[in-house]
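Enquirer: Below is one structure. I have some questions about it.
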Amino acid sequence: MDDNQTSTDDYDENGCDENGCGESDTEIESFYDGISSAGTIHPVLERDIQLLKENCCQDSISVRSLNIINEMDLDMSFSTSSLEECVTESWGLIHDAPIILRLNLNQKHYFQADSDCKIDVFQWCSTKRSGALSQLKNIAEVFCRRSFCELTNEKVAMAVEGCTTAQASETKSKLLEMGFIEEEVDEALVYSNGSFQSALKWLFGESDSFQTLIRFFYSSKLDVKVAKGSAYRCRDPKEPPSLKKGFLVQLYRYMQQRLLTLNNYCPICDNHHVLTFDVMLKPVVCHNPLCIFSFQTLGVMADAADSIDTQPEVVNLLILLTKAAANSTRWDQILLPYPTVVHPKKLHKLALYEKKKNIEKLRAIFKCMPMMEKLVQHNEKDLRVLLDERHMLCYPLLRWIISSNRSYIVKLPPDQRLSFMTTKHQFWLRNSPPVEDRRFRLNKEKYGSVFAFHGSPIENWHSIVREGLIVASGTHRQLNGAAYGHGIYLSPQLSMSLRYCLVKTEPIKDSNKKKNSKVTSQEALPSDFLHEDVAHLACITLCEVINCPSLHRHNKEIWTCENSEFVCTRFFFVYDKLNPVNDSTVNITDKHLSKQVEKLLLHG
1 MDDNQTSTDD YDENGCDENG CGESDTEIES FYDGISSAGT IHPVLERDIQ LLKENCCQDS
61 ISVRSLNIIN EMDLDMSFST SSLEECVTES WGLIHDAPII LRLNLNQKHY FQADSDCKID
121 VFQWCSTKRS GALSQLKNIA EVFCRRSFCE LTNEKVAMAV EGCTTAQASE TKSKLLEMGF
181 IEEEVDEALV YSNGSFQSAL KWLFGESDSF QTLIRFFYSS KLDVKVAKGS AYRCRDPKEP
241 PSLKKGFLVQ LYRYMQQRLL TLNNYCPICD NHHVLTFDVM LKPVVCHNPL CIFSFQTLGV
301 MADAADSIDT QPEVVNLLIL LTKAAANSTR WDQILLPYPT VVHPKKLHKL ALYEKKKNIE
361 KLRAIFKCMP MMEKLVQHNE KDLRVLLDER HMLCYPLLRW IISSNRSYIV KLPPDQRLSF
421 MTTKHQFWLR NSPPVEDRRF RLNKEKYGSV FAFHGSPIEN WHSIVREGLI VASGTHRQLN
481 GAAYGHGIYL SPQLSMSLRY CLVKTEPIKD SNKKKNSKVT SQEALPSDFL HEDVAHLACI
541 TLCEVINCPS LHRHNKEIWT CENSEFVCTR FFFVYDKLNP VNDSTVNITD KHLSKQVEKL
601 LLHG
């Protein structure tokens, strides 16, 4: 290889080449010539590559040139190590493996080529198509298609004139890798005198102007999570970075911006979600009928919002949560979002739609839905036949329930369950996207954190897993009184949070078992699935809460937090007839119990 060609060894290390996945150097060298033969590469492209290497990590760039047909493959590598493992898993990515954006360019003509550049997005070790990779590919294709229509080699050359060749500072590179826009990073570094931590706080909204906006939302009694989302959108991730360092740097910075905010946009039309949807973790199709039609009938971007690996226990939970909301007398207030389903026989019509709600029709479909034990016995093809026989809308409704989930929910294996929670139905529950999660971690470093329970009737959880915990005080969603004021109601005591579930829970009565046994219901149970009687299901989440002035400890039992951004769900527990509450005296402030939680969060 020539000196100008960056080795692919780094990709092989991160892409587990030793396992046989990825391309070997021998295969690449046998097919590609290096960048050689002066004059075969357009000078604007050559300058763009130089600027890309100067302003981005050299190890993130790989160039392979095929001079015979004037084509070049240029790989840009984007690290996923800054994303939490639950984020990469919920997006279908391999944690710590770089995302590769490959451009196939005409190296002789560059922007004056007869056809646009070809694009692929992948991870070396990925054996299946990830939703996030599909979404990123769509984003890159749209951006490049527009750029190749609007730009010429001359325009790019003029934009680059006078550009400094000085390499970006290490601090600036770190901030850019986190997805911030370059102009804002430059401004933040000026305000912070080059300090990484100070610049990070400025970028995350701890400047005076930002806090003024937040105080306005407080005075208006609006959800601060929405306020934060509104302020962050002032820095639009879809706004193209400057072209002053060439097109390739512009594309690289743009993709960095978009990577951290995939959850904010519809994976089909790439339009921004409404306020309550952009603070959730998993991508989901928007309410545009065309996107719904494309997703449900044509399978467009189906892998971006519909995971085929969803655990049966999680599917069981999601079905029951939606069923409970539909059967509630408050359905019109809490069944949010309302199911949207294309009619399977009249594809130009919607059988279920938010603007024309038919609750009796929806309830009738749920009555036809088979129990989970029967659903798991069939493969995809047979399952569809079974559900179509029950009701023609059973299958599309089931698919909507799974694909509309915005939270990361995973059943805890027996060896990871919290022993003091006497139910086998224990789940990870995370719904904070990368930007929100980083703010949470910054605040945790500043104030510390504590754990607390939050209980709510089962009918409310359909919207919670799709919109997150919100401050419902003073809104139409408020069910209980607000004797302790505005905020999310929490408690360190399990018994208090269970009262908010509005379900009568009784301990197991068994003369053969000792009183106060904490293992009773986790061992010998006949089914891994929840009992179908939603009236007897109690749902509790264990949250991590920033220990800041926004957290008010009114007494030993009741806390409130007026800032929903300071409350992060961690675990979810469900009690049913076979898994009742054995010990409601649990107090999570007990150091022994809180250490169990911390250990699971650290090593789980």
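Under our numbering, the sequence shown has 173 at position 173, and the numbering climbs by one with no breaks.
We put the CB at the ideal spot given by N, CA and C, even for glycine.
Identify, in the order they occur along the chain, each residue of the same chain with its Cβ nearer than 7 Å to the Cβ of residue 215, setting aside the five sequence neighbours on each side.
Expert: Position 215 of the sequence shown holds residue 215. In this prediction, residue 215 has a pLDDT of 44, which is less than 50 and means its spatial position is unreliable; what the coordinates show is noted afterwards. Counting only Cβ-Cβ distances below 7 Å, and skipping sequence neighbours, we find nothing.
Enquirer: Are the CB atoms of residue 454 and residue 497 within a distance shorter than 8 Å?
Expert: Within the sequence shown, residue 497 is the residue found at index 497, counting from 1. Within the sequence shown, residue 454 is the residue found at index 454, counting from 1. Yes. Within cutoff.
Enquirer: Give a yes or no on contact between the region 555-569 and the region 539-547, applying the rule of three or more CB pairs nearer than 8 Å.
Expert: Yes, since at least three Cβ pairs between the region 555-569 and the region 539-547 fall closer than 8 Å, the two stretches touch.
Enquirer: Does the separation of the CB atoms of residue 283 and residue 131 fall below 8 Å?
Expert: For this step, residue 283 is matched to residue 283 along the sequence shown. For this step, residue 131 is matched to residue 131 along the sequence shown. Yes.
Enquirer: Got a sec: is the Cβ-Cβ distance from residue 121 to anything in chain D below 8 Å?
Expert: You won't find chain D in this structure, because it holds only one protein chain.
Enquirer: Skipping 5 residues on each side, what residues in its chain have a beta carbon closer than 7 Å to that of residue 32?
Expert: The sequence position of residue 32 within the sequence shown is 32, counting from 1. Residue placement at residue 32 is flagged as unreliable, the pLDDT there being 41, under the threshold of 50; the coordinate-derived value follows with that caveat. Around residue 32: 64, 65 and 66.
Enquirer: Could you tell me how far apart the beta carbons of residue 462 and residue 335 are, in whole angstroms, since I believe they sit closer than 8 Å?
Expert: If you number the sequence shown from 1, residue 462 lands on position 462. If you number the sequence shown from 1, residue 335 lands on position 335. At roughly 7 Å, the Cβ-Cβ gap stays under 8 Å, so residue 462 and residue 335 are in contact.
Enquirer: Nearest to residue 81 by alpha carbon, out of 72, 93 and 74?
Expert: The residue given as residue 81 occupies position 81 in the sequence shown. Checked all of 72, 93 and 74; the closest Cα to residue 81 is 93.
Enquirer: Based on DSSP bridge pairs, tell me the residues matched to residue 538.
Expert: Translated into positions along the sequence shown, residue 538 becomes position 538. According to DSSP, which records beta bridges pairwise, residue 538 is partnered with 575.
Enquirer: If you draw a straight line from the C-alpha of residue 41 to the C-alpha of residue 71, how long is it?
Expert: Locating residue 41 in the sequence shown gives position 41, counting from the first residue. Locating residue 71 in the sequence shown gives position 71, counting from the first residue. Their backbone Cα atoms lie some 9 Å apart in a straight line.
Enquirer: To the nearest angstrom, how far is the alpha carbon of residue 104 from that of residue 537?
Expert: On the sequence shown, position 104 is the one that residue 104 refers to. On the sequence shown, position 537 is the one that residue 537 refers to. Their Cα atoms are separated by approximately 54 Å.
Enquirer: Out of 423, 272 and 255, point me to the one whose CA is closest to residue 583's CA.
Expert: By 1-based counting over the sequence shown, the position of residue 583 is 583. If we check each option's Cα against that of residue 583, 423 comes out closest.
Enquirer: Assign residue 413 to buried or exposed, taking buried as 16 or more other Cβ atoms, counted over all protein chains shown, within 10 Å of its Cβ.
Expert: By 1-based counting over the sequence shown, the position of residue 413 is 413. The residue is exposed, with fewer than 16 neighbouring Cβ atoms inside 10 Å.
Enquirer: What alpha helix (DSSP H) runs, 4 residues minimum, are completely inside the region 357-390?
Expert: 359-368, 372-375 and 380-390, all fully within the region 357-390.
Enquirer: Does DSSP classify residue 594 as helix, strand or coil?
Expert: Here residue 594 corresponds to residue number 594 of the sequence shown, with the count starting at 1. Here residue 594 sits in helix by DSSP.
Enquirer: Use the C-beta contact count for residue 371: other C-beta atoms within 10 angstroms, 16 or more gives buried, fewer gives exposed.
Expert: Here the question's residue 371 lines up with position 371 in the sequence shown. Residue 371 should be labelled exposed.
Enquirer: Quick one: residues in its chain with C-beta nearer than 6 Å to the C-beta of residue 297, no 5 flanking neighbours on either side, listed in chain order?
Expert: Position 297 of the sequence shown, counting from 1, holds the residue named residue 297. Counting only Cβ-Cβ distances below 6 Å, and skipping sequence neighbours, we find 342 and 347.
Enquirer: Could you tell me the alpha carbon to alpha carbon distance between residue 574 and residue 377, rounded to whole angstroms?
Expert: Looking up residue 574 in the sequence shown gives position 574. Looking up residue 377 in the sequence shown gives position 377. When rounded, the distance between both Cα atoms is 24 Å.
Enquirer: When the distance is taken between beta carbons, is residue 602 closer than 8 Å to residue 418?
Expert: Sequence index remark: in the sequence shown, residue 418 carries index 418 (1-based). Sequence index remark: in the sequence shown, residue 602 carries index 602 (1-based). Against a cut-off of 8 Å, the Cβ pair of residue 602 and residue 418 comes out as no contact.
Enquirer: Is residue 409 near residue 427, with beta carbons less than 8 Å apart?
Expert: For this step, residue 409 is matched to residue 409 along the sequence shown. For this step, residue 427 is matched to residue 427 along the sequence shown. Yes; because the gap between Cβ atoms is below 8 Å, this pair is in contact.
Enquirer: Relative to the alpha-carbon of residue 246, which residue among 79, 351 and 45 has its alpha-carbon at the smallest distance?
Expert: Here the question's residue 246 lines up with position 246 in the sequence shown. Residue 246 has its Cα closest to that of 45, out of 79, 351 and 45.
Enquirer: Pull up the DSSP beta-bridge partners for residue 151, would you.
Expert: Your numbering for residue 151 matches position 151 in the sequence shown. Answer is none; residue 151 lacks a bridge partner.
Enquirer: Within the chosen definition, does the region 258-265 reach the region 428-448 through at least 3 CB pairs nearer than 8 Å?
Expert: Taking 8 Å as the limit for Cβ pairs, the verdict is that the region 428-448 does touch the region 258-265.
Enquirer: Could you give the C-beta distance for residue 56 and residue 249, rounded to a whole number, given that I count them as a contact under 8 Å?
Expert: Within the sequence shown, residue 56 is the residue found at index 56, counting from 1. Within the sequence shown, residue 249 is the residue found at index 249, counting from 1. Between residue 249 and residue 56 the Cβ distance is about 7 Å, and since that is below 8 Å, they are a contact.
Enquirer: Between the C-alpha atoms of residue 213 and residue 320, what's the straight-line distance to the nearest angstrom?
Expert: As a position in the sequence shown, residue 213 is number 213, starting the count at 1. As a position in the sequence shown, residue 320 is number 320, starting the count at 1. Because the pLDDT at residue 213 is just 39, under 50, the model does not fix this residue reliably, and the value given afterwards should be weighed accordingly. Cα to Cα, residue 213 sits roughly 39 Å from residue 320.
Enquirer: So, with DSSP's three-state summary, where would you put residue 589?
Expert: The residue labelled residue 589 in the question sits at position 589 within the sequence shown. Residue 589 falls in the coil class under three-state DSSP.
Enquirer: Helix, strand or coil for residue 136, going by three-state DSSP, please let me know.
Expert: Stepping through the sequence shown from its first residue, residue 136 is reached at position 136. Three-state DSSP puts residue 136 in a helix.
Enquirer: If we count the other Cβ atoms within 10 Å of its Cβ and call it buried at 16 or more, is residue 172 buried or exposed?
Expert: Start at 1 with the first residue of the sequence shown, and residue 172 comes out as number 172. Its Cβ being crowded by 16 or more others within 10 Å, residue 172 is buried.
Enquirer: Buried or exposed: residue 280, going by 16 or more other Cβ atoms within 10 Å of its Cβ?
Expert: Locating residue 280 in the sequence shown gives position 280, counting from the first residue. Buried: at least 16 other Cβ atoms inside 10 Å.
Enquirer: Can you tell me the Cβ-Cβ gap for residue 396 and residue 350, rounded? I've got them flagged as a contact below 8 Å.
Expert: On the sequence shown, position 396 is the one that residue 396 refers to. On the sequence shown, position 350 is the one that residue 350 refers to. No, residue 396 and residue 350 are not in contact; Cβ-Cβ is about 10 Å, not under 8 Å.
Enquirer: In the DSSP assignment, the alpha helix (DSSP H) including residue 48 goes from what residue to what residue?
Expert: Locating residue 48 in the sequence shown gives position 48, counting from the first residue. From DSSP, the alpha helix (DSSP H) with residue 48 extends over 43-55.
Enquirer: In chain order, what residues of the same chain have a beta carbon less than 8 Å from the beta carbon of residue 186, not counting five sequence neighbours either side?
Expert: Here residue 186 refers to the residue found at position 186 when the sequence shown is read from its first residue. Closer than 8 Å at the Cβ level, and outside the excluded window around residue 186, lie 172.
Enquirer: What is the residue span of the beta strand (DSSP E) that residue 426 lies within?
Expert: Within the sequence shown, the letter at position 426 stands for residue 426. Run containing residue 426: 426-430, per the beta strand (DSSP E) assignment.
Enquirer: Out of curiosity, what's the CA-to-CA distance linking residue 256 and residue 176?
Expert: Here residue 256 corresponds to residue number 256 of the sequence shown, with the count starting at 1. Here residue 176 corresponds to residue number 176 of the sequence shown, with the count starting at 1. Residue 256 and residue 176: Cα-Cα distance of roughly 7 Å.
Enquirer: Applying the 10 Å Cβ sphere with the 16-neighbour rule, what's the burial state of residue 590?
Expert: Counted from its first residue, the sequence shown places residue 590 at position 590. Looking at its Cβ environment, which holds fewer than 16 other Cβ atoms inside 10 Å, residue 590 is exposed.
Enquirer: Using CA atoms only, rank isn't needed, just tell me which of 47, 79, 144 and 141 is closest to residue 157.
Expert: Position 157 of the sequence shown, counted from the first residue, corresponds to residue 157. Looking at the Cα atoms, 47 is the closest of the given residues.
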